[in-house]
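Inspection log for the structure reproduced underneath, given as structure tokens.
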Amino acid sequence: MDSIKDDIRWLGFDWEEREFYASDYFEQLYDWAKQLIRHGLAYVDSLSPDEIRAHRGTPTEAGRNSPFRGRSVEENMSMFEAMGAGEYPDGAHVLRAKIDMAHPNINMRDPTMYRIRRAHHHRTGDTWCIYPTYDWAHGQSDSIEGITHSICTLEFENHRPLYDWFLEKLEVYRPRQIEFARLNLSYTLMSKRRLLELVKEGHVSGWDDPRMPTICGLRRRGFTPQALRAFAKGIGVAKRDSMIDVAYLEFCLREDLNARAERRMLVLNPLKVVLTNYPENQEEWFEADNNPEDPSTGQRKIPFSRELYIEQDDFMEDPPKKFFRLSPGKEIRLKHAYYITCDEVIKDAAGKVVELRCSYDPESRGGGTPDGRKVKGTSHYVSAAHAVDSEVRLYDRLFSVEDPASVAATGQDWRELINQDSCEVLTGCKAEPALAEAAPETVFQFLRQGYFVGALTNDAAGKMIA
44 MDSIKDDIRW
54 LGFDWEEREF
64 YASDYFEQLY
74 DWAKQLIRHG
84 LAYVDSLSPD
94 EIRAHRGTPT
104 EAGRNSPFRG
114 RSVEENMSMF
124 EAMGAGEYPD
134 GAHVLRAKID
144 MAHPNINMRD
154 PTMYRIRRAH
164 HHRTGDTWCI
174 YPTYDWAHGQ
184 SDSIEGITHS
194 ICTLEFENHR
204 PLYDWFLEKL
214 EVYRPRQIEF
224 ARLNLSYTLM
234 SKRRLLELVK
244 EGHVSGWDDP
254 RMPTICGLRR
264 RGFTPQALRA
274 FAKGIGVAKR
284 DSMIDVAYLE
294 FCLREDLNAR
304 AERRMLVLNP
314 LKVVLTNYPE
324 NQEEWFEADN
334 NPEDPSTGQR
344 KIPFSRELYI
354 EQDDFMEDPP
364 KKFFRLSPGK
374 EIRLKHAYYI
384 TCDEVIKDAA
394 GKVVELRCSY
404 DPESRGGGTP
414 DGRKVKGTSH
424 YVSAAHAVDS
434 EVRLYDRLFS
444 VEDPASVAAT
454 GQDWRELINQ
464 DSCEVLTGCK
474 AEPALAEAAP
484 ETVFQFLRQG
494 YFVGALTNDA
504 AGKMIA
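Residue numbers for the sequence shown follow this note's numbering, beginning at 44 and rising by one.
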């Protein structure tokens, strides 16, 4: 309950004083149940759950009346009141509506209204030991609250006749239940049952795992309220089930973050660069725009020194044609700084490149040279002396197939469809010092990498979790 309210507030909505709970109406629902008993429209059934299920029939075969369906009004009233008074053990009896066990809509075959269950309620405590079912509480709660249209997903369409039946028999205000298609996203499951299994079986870290299609999960992933609202507005509502490409959700996020996310430099897989002709004890600070799309965000200072880190992917010892990044003898530009040329490659005993010895052109500060020469490759970097050690988690889609629900419907275990590489944890990443002061949940665009969000908390060692 609290998480639902937190999610709605975070999305930017305010229900003001209109906060309602079905538990506020337990007394009224109880009285209405007795009203149906008095009119011969409800009865206490003593069949077990398995027996009720067996008597219910199938979509193609009519159900059978319970042997307790013929109890008198007086006996039903006495037993229901005893149920409410706690005189029977859990599961001994239920209260059912008396409608039609041969009805073509299986939901109209004497549905259960109340069960005995001694469970502590978060709002009413231990006051009640019988609780209304969803079908019984739904329409009557809507009626009490003066709801005009009760919005449901399509799977509740065949519950609408029952919704209307209860309201008609009680002769109270009748809202209208209206159904729309649920949201189905590619590469994920939206079933609450499946999501619960993902959490309980440890396939994800919790309901707020950044790979989960929950509001709190999307929030941890770096989604903004504005992006989610734009997504909802863009897809609209439909009366037919369909699959929404998760790429559209990601597009809405990029459109929003491009305008609001500040830029930073972070090296995911660092490769050390030593500028041999740069003074050993010297450092410089270059000014860079926080967000070129929004001048109001101002500028920040980026340090530059003799030893730097660049991405391992930004160097190839034997590059193919049209590789415009760093390689032996080749010159590139460092973002906001200088041109550098690779002069020497240092390898470890296993032959892995561990360091590059380069020279810089002191006349190329800011990206221009007196002779006007241009370079095609530009790399980002982080000054080694000022780098902030960071842990970065790269998230991919949770499932390896576009529609895991339809594949699972063929009998394949849906767990086999989980993308085992959906979370990659990188340690030893190097971030520019401005990121050390990043507040939790702040979203940045790491240059040439993508969008990243600061974790809810920073760890004890001071490493920013992105």
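The beta-carbon is built from N, C-alpha and C at its ideal position, and this holds for glycine as well.
Can you confirm whether the region 219-230 touches the region 174-194 when touching is taken to mean that 3 or more C-beta pairs between the two stretches lie within less than 8 Å? yes
Taking residue 80 and residue 126 to be in contact with their CB atoms under 8 Å, please state how far apart those CB atoms are, rounded to whole angstroms. Position 37 of the sequence shown, counted from the start, is the residue given in the question as residue 80. Position 83 of the sequence shown, counted from the start, is the residue given in the question as residue 126. Not quite, the Cβ-Cβ distance comes to about 11 Å (not below 8 Å), so this is no contact.
Kindly indicate which three-state DSSP category residue 109 falls into: helix, strand or coil? Locating residue 109 in the sequence shown gives position 66, counting from the first residue. Of the three classes helix, strand and coil, the one that applies to residue 109 here is coil, per DSSP.
Output needed for residue 387: all residues of its chain with C-beta closer than 6 Å, excluding positions within five of it in sequence on either side, in chain order. Within the sequence shown, residue 387 is the residue found at index 344, counting from 1. So the list reads 400, once near-sequence residues are dropped.
Given 8 Å, three or more beta-carbon pairs between the region 142-159 and the region 87-101: yes
Indicate whether residue 474 and residue 418 have their beta-carbon atoms separated by less than 8 Å. The residue given as residue 474 occupies position 431 in the sequence shown. The residue given as residue 418 occupies position 375 in the sequence shown. Not a contact, by the Cβ cut-off of 8 Å.
Contacts around residue 169, its chain only, beta-carbon distance under 7 Å, and the 5 residues preceding and following it disregarded: As a working note, residue 169 is residue 126 in the sequence shown. Result list for residue 169: 163, in chain order.
Helix, strand or coil for residue 190? Go by DSSP, reduced to three states. The residue labelled residue 190 in the question sits at position 147 within the sequence shown. Looking at residue 190 - three-state DSSP - the assignment turns out to be coil, as it is neither helix nor strand.
Which residue's Cα is closest to the Cα of residue 177: 148, 477 and 139? To locate residue 177, count along the sequence shown from 1; it is residue 134. That would be 139, whose Cα lies nearest to the Cα of residue 177.
Which of the three DSSP states is assigned to residue 234 in this structure? The count along the sequence shown starts at 1 and reaches residue 234 at position 191. Coil at residue 234, not helix or strand.
If you draw a straight line from the alpha carbon of residue 229 to that of residue 348, how long is it in whole angstroms? To locate residue 229, count along the sequence shown from 1; it is residue 186. To locate residue 348, count along the sequence shown from 1; it is residue 305. A straight line joining the alpha-carbon of residue 229 with that of residue 348 spans about 46 Å.
Measure the C-alpha to C-alpha separation of residue 207 and residue 182 and round it to an integer number of angstroms. Here residue 207 refers to the residue found at position 164 when the sequence shown is read from its first residue. Here residue 182 refers to the residue found at position 139 when the sequence shown is read from its first residue. One C-alpha to the other measures close to 8 Å.
With 16 other CB atoms within 10 Å as the buried threshold, where does residue 185 fall? As a position in the sequence shown, residue 185 is number 142, starting the count at 1. The Cβ neighbour count for residue 185, taken over all protein chains shown within 10 Å, is at least 16; the residue is labelled buried.
At which residues does the beta strand (DSSP E) containing residue 549 begin and terminate? The requested residue 549 does not occur in the structure, where the chain is confined to residues 44 to 509.
Proximity below 8 Å, CB of residue 76 to CB of residue 157: As a working note, residue 76 is residue 33 in the sequence shown. As a working note, residue 157 is residue 114 in the sequence shown. The answer is yes: Cβ separation under 8 Å.
From this set, 285, 175 and 362, which residue's C-alpha is nearest residue 70's C-alpha? Numbered from its first residue, the sequence shown carries residue 70 at position 27. The shortest C-alpha separation from residue 70 is found at 175.
With a floor of 3 residues, list each beta strand (DSSP E) that falls wholly inside the region 381-424, ordered by position along the chain. 382-390 and 396-404
Residues in the same chain with beta-carbon distance under 7 Å from residue 470, minus the five sequence neighbours each way, listed in chain order, please. Against the sequence shown, residue 470 aligns to sequence position 427. Closer than 7 Å at Cβ, skipping near neighbours: 434.
For residue 494 and residue 363, the rounded distance between their alpha carbons: As a working mapping, residue 363 is identified with position 320 in the sequence shown. As a working mapping, residue 494 is identified with position 451 in the sequence shown. Each residue's alpha carbon lies about 29 Å from the other.
For residue 309 and residue 489, believed in contact at Cβ under 8 Å, the rounded distance: Translated into the one-based positions of the sequence shown, residue 489 becomes position 446. Translated into the one-based positions of the sequence shown, residue 309 becomes position 266. 5 Å between Cβ atoms; contact.
Determine the direct distance from the alpha carbon of residue 54 to that of residue 274, and round the result to whole angstroms. As a first step, residue 274 is located in the sequence shown; it is residue number 231 there, counting from the start. As a first step, residue 54 is located in the sequence shown; it is residue number 11 there, counting from the start. C-alpha separation (whole angstroms): 12 Å.
Can you check which of these residues, 448, 384, 235 and 109, is closest to residue 12 by C-alpha distance? Any question about residue 12 goes unanswered here, given that the chain covers just 44 to 509.
Report yes if the C-beta distance between residue 476 and residue 431 is below 8 Å; otherwise report no. Your numbering for residue 476 matches position 433 in the sequence shown. Your numbering for residue 431 matches position 388 in the sequence shown. Contact: yes.
List the residues that DSSP assigns as beta-bridge partners of residue 322. As a working note, residue 322 is residue 279 in the sequence shown. In DSSP, residue 322 forms no bridge with anything.
Buried or exposed (CB count within 10 angstroms, at least 16 for buried), residue 142: Position 99 of the sequence shown, counted from the start, is the residue given in the question as residue 142. Residue 142 is buried by the Cβ-count criterion.
Could you compute how far the alpha carbon of residue 112 sits from the alpha carbon of residue 240? As a working mapping, residue 112 is identified with position 69 in the sequence shown. As a working mapping, residue 240 is identified with position 197 in the sequence shown. Rounded to whole angstroms, residue 112 to residue 240 spans 38 Å at the Cα level.
Residue 88: first and last residue of the uninterrupted beta strand (DSSP E) it sits in: Translated into the one-based positions of the sequence shown, residue 88 becomes position 45. First-last of the beta strand (DSSP E) with residue 88: 85-88.
Classify residue 497: buried if its beta carbon has 16 or more other beta carbons within 10 angstroms, exposed otherwise. Position 454 of the sequence shown, counted from the start, is the residue given in the question as residue 497. So residue 497 counts as buried.
Which one of 171, 412, 51 and 341 has the shortest CA to CA distance from residue 303? For the purposes of this step, residue 303 is taken as residue 260 along the sequence shown, with counting starting at 1. It is 341 whose Cα lies nearest to the Cα of residue 303.
Going by the CB atoms, is the gap between residue 289 and residue 458 shorter than 8 Å? Position 415 of the sequence shown, counted from the first residue, corresponds to residue 458. Position 246 of the sequence shown, counted from the first residue, corresponds to residue 289. Contact flag unset, no.
When burial is assigned at 16 or more other CB atoms within 10 Å of the CB, is residue 82 buried or exposed? Residue numbering aside, residue 82 sits at position 39 when the sequence shown is read from its first letter. Classification of residue 82: exposed, given that the 10 Å Cβ count is below 16.
Go ahead and label residue 265 buried or exposed: buried means 16 or more other beta carbons lie within 10 angstroms of its beta carbon, across all protein chains shown. Within the sequence shown, residue 265 is the residue found at index 222, counting from 1. Residue 265 should be labelled buried.
Determine the burial state of residue 119: buried for a count of at least 16 other Cβ atoms within 10 Å of its Cβ, exposed for fewer. The residue you call residue 119 lines up with position 76 of the sequence shown. Answer is buried; the Cβ neighbour count reaches 16.
Who are the Cβ neighbours of residue 447 in its own chain at under 7 Å, not counting the five residues just before and after it? Residue numbering aside, residue 447 sits at position 404 when the sequence shown is read from its first letter. For residue 447, same chain residues with a beta-carbon under 7 Å away, outside a window of 5 residues either side, are 232, 457 and 460 in chain order.
In chain order, what residues of the same chain have a beta carbon less than 6 Å from the beta carbon of residue 391, not counting five sequence neighbours either side? On the sequence shown, residue 391 is found 348 positions in, with the first residue counted as 1. Excluding residues within five positions, the ones whose Cβ falls inside 6 Å are 397.
Ignore the nearest five residues each way along the sequence and tell me which others in residue 251's own chain have a CB closer than 6 Å to its CB. Start at 1 with the first residue of the sequence shown, and residue 251 comes out as number 208. The residues are 259, 260 and 263.
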